Amino acid sequence: PAMSRGTPRRSIEAMNAYARDRKAFGSSLNRFGQIQRLIADSYAEYAAGKAYVYATASALGLDSAGNRVDSDGVKLYCAAMAKNVADRAMQTMGGYGYCGEYRVEQLWRDAKLLEIGGGTNEAHQKNMARDLSHVETLP
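Given below as structure tokens:
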């Protein structure tokens, strides 16, 4: 979960700086609606992931096994969120986002790895569905 928060945070910082500094048609890219949407959606997903991580961590007891539904859920959500945000950063930066001289290219590859490392998305989905099958009312 920590890497799943650091990768999108750095992606948002990179796309925000690029959109602020890069000019097109006499204006910064961050003045265009499509770019604003990419940045805003990325931040909203990042903030939701951060809240989910903190809520899950604070609910875990140090003396018990914890809540696997939410620990799997955090990994599942944050890995997908990190990849979505890194993809939007690459989209914002166009061809520069794909070049190795910009950090976004590495962040995008790191984000993809998050879906695999620490258990695949499918493994977390399977665990969550199995555990949720015993729940009648969600908290």
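Counting along the sequence shown from 1, when you hit position 29 you're at 395 in the numbering used here, and nothing is skipped either side.
Ideal Cβ positions, reconstructed from N, Cα and C, are used throughout, including at glycine.
It should be emphasised that the depicted structure is a prediction, and the values quoted were computed from it without experimental measurement.
Locate the alpha helix (DSSP H) running through residue i, then write down its first and last residues.
i      : result
THR422 : 399-425
THR503 : Where THR503 is concerned, there is no enclosing alpha helix (DSSP H), given that its DSSP letter is neither H nor E.
TYR464 : 461-464
ARG475 : 470-480
Residue i to residue j, Cα distance in whole Å?
i      : j      : result
GLN402 : ASN396 : 6 Å
MET369 : ALA414 : 15 Å
GLU379 : LEU426 : 30 Å
MET459 : LYS389 : 12 Å
ASP476 : LEU504 : 33 Å
SER408 : GLN457 : 12 Å
ALA495 : ALA452 : 28 Å
Helix, strand or coil for residue i per DSSP?
i      : result
SER394 : strand
Give the C-beta separation of residue i and residue j to the nearest angstrom, bearing in mind that I take them to be a contact with Cβ-Cβ under 8 Å.
i      : j      : result
ASN487 : LEU442 : 6 Å
ALA455 : GLY463 : 6 Å
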